[in-house]
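If you want the numbering used here, it's the 1-based position in the sequence shown plus 2. The beta-carbon is built from N, C-alpha and C at its ideal position, and this holds for glycine as well.
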Amino acid sequence: MMAVARRVALGAGGAVVLLAALDAYVVVTVLIEIARDVGVPLNHLERATPIVTGFLLGYIAAMPLLGQLSDRFGRRPLIHACLAVFALGSALTALAAGETMVVAGRTVQGIAGGALLPITMALIGDLWEERERPVALGAVGAAQELGSALGPLYGGLLAQIPAFAVAGVELGGWHAIFWVNVPLAALAAVAVHFTVPGRPARPVEGGAEGAARRVDAVGGALLALALALLVIGLYNPDPAEAFLPPWGAPLIAAGAVVAGVFVWWEIRSPVRILDLSGVPKGPLLATLGVSFLAGAALLVTMVFVPFTAQTLLDRDELGAAFVLARFLIALTVGALLGGVLARRLGERVVAVAGMAVAAVGYGLMSRWPLRLAEAGLVVDADLVVAGLGLGVVIAPVSSAVLRASRADQHGVASAAVVVARMMGMLVGIAAVSAWGFHRFQSLTADLDTPLPFGVDAATYQRQLAEYTAQVQAALHVEYTEMFLVTAFVCLAGAAAAFLMPRTLAARVPAPAPDPAAETR
């Protein structure tokens, strides 16, 4: 009976993790449509990037801190609170009529969604014995990965709901993606209420046990501030003149300083956001570095392949989602293949090979022709190569961190891998898109938009066709150069993977028992 109750609780926890993961990627195929509706013109898509980075920033900042809060107040109350805030953020996004409100709504969504993964992992630590825990952690990790694979398709499908309004509120189109979260969050809250234990995970008392349950608010604030400074520094609302905005370099430098302070604090603080004490630091940092770089490549693909499909292939949201599906299916197959290969060959070999294959895939994508519709299966093949390469890396990275950590650290270790990947997504998309949008603006700076005044219809159509062709050429240069940069990111990931553990090393042993404690 207890086993059944645990499985039901795991199902409820996995469902809320899946819901949050879906929304991390759900906008990538409808980003152009959202931007158009809130007043962002097609030639200034840089102003739409905060719709993606706002969610990621909230997700990462909340993930470790709210996970610790669940230690104090219990898993069920925190999951309920997060689902309520997630529904609120979804409603704000659906109601948005301008850029600021969309970004605010997505950030609120991210804050709530980011907490659900570590809370669910902590719940597994509460309910499962050490020997059985890895299987349950793997199931939650699978829900997270499934959300990344299905999110763009899920968004593209929901966006096909015809536009309609009730009492002046738009419910169809891309708005439906967010409105549907409100009843889904309510259903998830009901399921959690009846399946997840309501009591705190452990009593909070004084002494060492009480210290272990304190929340590292300082560490959480430093991490959030460092990431926010980096992202704001990389965000350039007017990339025509320069790669970075006037405030870019000072904020990026400040972000680096705050990141250094965060590391210093985490080394010395008795309570840490991600406590992996005892784990060999060199292999750990190398493995998390691979996850970071893979995350950067992943989100660049998930944002700019749909952009490419919608602008150069003239596909709608669903059509763009199906183009991206080639990559996502290969990513999923690669994840399964990577697990099998890592067990036979070791994590390091597979991670190096995966990142190298991904680099080849992005190198091929950087050579896509301007007339992309005529490329045929070349586009599909290149996306499959890149997806297989990145997918193969997923299992070795997670496995290496779990092998290097103690069983009682598996939840934190798994969260660290996800945090590293999400940080890579956040910083990677901010940096690569900043460069790409600057290139586009510099390439189109001398173009004059033709107007149907003072010329005959035939002349206007000819001028419009020439202008459109030049814009298409600039977009082509932008996208292919961004894919080339992503290839170098993957090569850096392959180099970092060389520093991962060489062999299938045994896990770090549990701390030896305290003889004095045994005599008490």
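Host alpha helix (DSSP H) of Ser-92 (start-end): In the sequence shown, residue 92 corresponds to position 90, counting from 1. Note, Ser-92: alpha helix (DSSP H), 77-97.
Which of helix, strand or coil DSSP assigns to Glu-172: Locating residue 172 in the sequence shown gives position 170, where the first residue counts as 1. Three-state result, Glu-172: strand.
Coarse secondary structure for Ala-213, derived from DSSP in three states: What you label residue 213 is simply residue 211 of the sequence shown in a count that begins at 1. For Ala-213, the predicted model reports a pLDDT of 41, less than 50, meaning its position is unreliable; a value from the coordinates is still stated below. Residue state, collapsed to three classes: helix.
Thr-102 burial status per 10 Å Cβ neighbour count (16 or more: buried): Taking the first residue of the sequence shown as position 1, residue 102 is located at position 100. So Thr-102 ends up on the exposed side.
Between the CA atoms of Met-427 and Val-491 - distance to the nearest angstrom: As a working mapping, residue 491 is identified with position 489 in the sequence shown. As a working mapping, residue 427 is identified with position 425 in the sequence shown. Distance between the alpha carbons of Val-491 and Met-427 is about 12 Å.
Cβ pair Arg-78, Val-194 closer than 8 Å: Counting from one through the sequence shown, the residue named residue 78 turns up at place 76. Counting from one through the sequence shown, the residue named residue 194 turns up at place 192. Contact flag set, yes.
Bridge partner(s) assigned by DSSP for Ala-167: Within the sequence shown, numbered from 1, the residue matching residue 167 stands at position 165. DSSP, once it has assigned bridges, lists Glu-172 as partnering Ala-167.
Where Gly-208 falls: helix, strand or coil (DSSP): Stepping through the sequence shown from its first residue, residue 208 is reached at position 206. Only weak support exists for where Gly-208 lies, its pLDDT of 41 falling under 50; the coordinates are left without a value.
Helix, strand or coil at Gly-426 [DSSP, three-state]: For the purposes of this step, residue 426 is identified with residue 424 of the sequence shown, where counting begins at 1. Note: Gly-426 maps to helix in three-state DSSP.
First through last residue of the alpha helix (DSSP H) which encompasses Gly-280: Your numbering for residue 280 matches position 278 in the sequence shown. Looking at the DSSP string, Gly-280 is not in any alpha helix (DSSP H), and its letter there is neither H nor E.
Cβ-based neighbour list, Leu-501, same chain, cut-off 6 Å, excluding 5 preceding and 5 following: Indexing the sequence shown from 1 puts residue 501 at position 499. Closer than 6 Å at Cβ, skipping near neighbours: Ala-288.
Burial state of Ala-161 (16 or more Cβ within 10 Å): Here residue 161 corresponds to residue number 159 of the sequence shown, with the count starting at 1. Flag for Ala-161 reads buried.
Through-space distance from Leu-68 to Gly-212, alpha-carbon basis: The residue given as residue 212 occupies position 210 in the sequence shown. The residue given as residue 68 occupies position 66 in the sequence shown. Low confidence applies to Gly-212: its pLDDT is 44, below 50, so where it sits in the model is not reliable enough to give any reading.
Distance between Met-484 and His-478 (C-alpha atoms, nearest Å): One-based indexing of the sequence shown puts residue 478 at position 476. One-based indexing of the sequence shown puts residue 484 at position 482. Their backbone Cα atoms lie some 10 Å apart in a straight line.
Segment limits, alpha helix (DSSP H) that includes Asn-183: Here residue 183 refers to the residue found at position 181 when the sequence shown is read from its first residue. 183-197 is the span of the alpha helix (DSSP H), which, as asked, contains Asn-183.
Classification of Ser-279 by the beta-carbon crowding that lies within 10 angstroms, buried from 16 upward: Taking the first residue of the sequence shown as position 1, residue 279 is located at position 277. So Ser-279 counts as exposed.
Continuous alpha helix (DSSP H) assignments of at least 4 residues falling wholly in the region 28-65: 33-39
Residue interval of the alpha helix (DSSP H) (run including Phe-490): Residue 490 sits at position 488 when you count from the first residue of the sequence shown. Note, Phe-490: alpha helix (DSSP H), 459-499.
Delimiting residues of the alpha helix (DSSP H) encompassing Thr-109: Counted from its first residue, the sequence shown places residue 109 at position 107. 101-129 is the span of the alpha helix (DSSP H), which, as asked, contains Thr-109.
Short Cβ contact (8 Å threshold) for Gln-111 with Val-420: Here residue 111 corresponds to residue number 109 of the sequence shown, with the count starting at 1. Here residue 420 corresponds to residue number 418 of the sequence shown, with the count starting at 1. The answer is no: Cβ separation not under 8 Å.
7 Å CB neighbourhood of Ile-396 in its chain, flanking five on each side removed: As a first step, residue 396 must be located in the sequence shown, where it is residue number 394. Answer for Ile-396: Glu-147, Ala-337 and Gly-340, listed in chain order.
Arg-204 to Arg-74 span [Cα, whole Å]: If you number the sequence shown from 1, residue 204 lands on position 202. If you number the sequence shown from 1, residue 74 lands on position 72. Confidence at Arg-204 is low in this model, with a pLDDT of 47, below 50, so its placement is unreliable and the value that follows should be read with caution. If you take the alpha carbons of Arg-204 and Arg-74, they lie about 8 Å apart.
Inter-residue spacing [alpha-carbon to alpha-carbon] between Leu-379 and Leu-47: Locating residue 379 in the sequence shown gives position 377, where the first residue counts as 1. Locating residue 47 in the sequence shown gives position 45, where the first residue counts as 1. Going by the C-alpha atoms only, they are around 28 Å apart.
For Met-502, three-class secondary structure by DSSP: Residue 502 sits at position 500 when you count from the first residue of the sequence shown. Reduced to three states, the DSSP call for Met-502 is coil.
Environment of Ala-514 [buried if 16+ CB atoms lie within 10 Å]: The residue you call residue 514 lines up with position 512 of the sequence shown. Residue placement at Ala-514 is flagged as unreliable, the pLDDT there being 48, under the threshold of 50; a coordinate-derived value is accordingly withheld.
Outcome for Leu-347 when other beta-carbon atoms lying within 10 angstroms are tallied against a minimum of 16: On the sequence shown, position 345 is the one that residue 347 refers to. Exposed: under 16 other Cβ atoms inside 10 Å.
For Ala-471, the nearest candidate out of Arg-373, Val-325 and Asp-382 (CA to CA): In the sequence shown, the residue the question calls residue 471 occupies position 469. The shortest Cα separation from Ala-471 among Arg-373, Val-325 and Asp-382 belongs to Arg-373.
For Asp-240, the three-state DSSP class (helix, strand or coil): Here residue 240 is taken as the residue at index 238 of the sequence shown, counted from 1. Residue state, collapsed to three classes: coil.
Buried versus exposed, by CB contacts within 10 Å (16 or more), Glu-207: Your numbering for residue 207 matches position 205 in the sequence shown. The predicted model places Glu-207 with a pLDDT of 42, which falls under 50 and marks its position as unreliable; any figure quoted below should be read in that light. Classification of Glu-207: exposed, given that the 10 Å Cβ count is below 16.
Same chain, Cβ closer than 8 Å to Met-65, neighbours up to 5 away in sequence not counted: Here the question's residue 65 lines up with position 63 in the sequence shown. So the qualifying residues of the chain are Gly-116, Ala-117, Leu-119, Pro-120, Ala-417, Val-420, Val-421 and Met-424.
Exposure of Leu-24, with buried meaning 16 or more beta-carbon neighbours within 10 Å: Counted from its first residue, the sequence shown places residue 24 at position 22. So Leu-24 ends up on the buried side.
Through-space distance from Trp-249 to Asn-183, alpha-carbon basis: As a working note, residue 183 is residue 181 in the sequence shown. As a working note, residue 249 is residue 247 in the sequence shown. Straight-line Cα distance between these residues: approximately 36 Å.
Simplified DSSP state of Thr-451, which is helix, strand or coil: Numbered from 1 along the sequence shown, position 449 holds the residue referred to as residue 451. Coil at Thr-451, not helix or strand.
Backbone secondary structure at Ala-203 - three-state DSSP: In the sequence shown, the residue the question calls residue 203 occupies position 201. Low confidence applies to Ala-203: its pLDDT is 45, below 50, so where it sits in the model is not reliable enough to give any reading.
Beta-carbon proximity check, Val-352 vs Ala-360, cutoff 8 Å: Taking the sequence shown and counting its residues from 1, the one referred to as residue 352 is at position 350. Taking the sequence shown and counting its residues from 1, the one referred to as residue 360 is at position 358. No. Outside cutoff.
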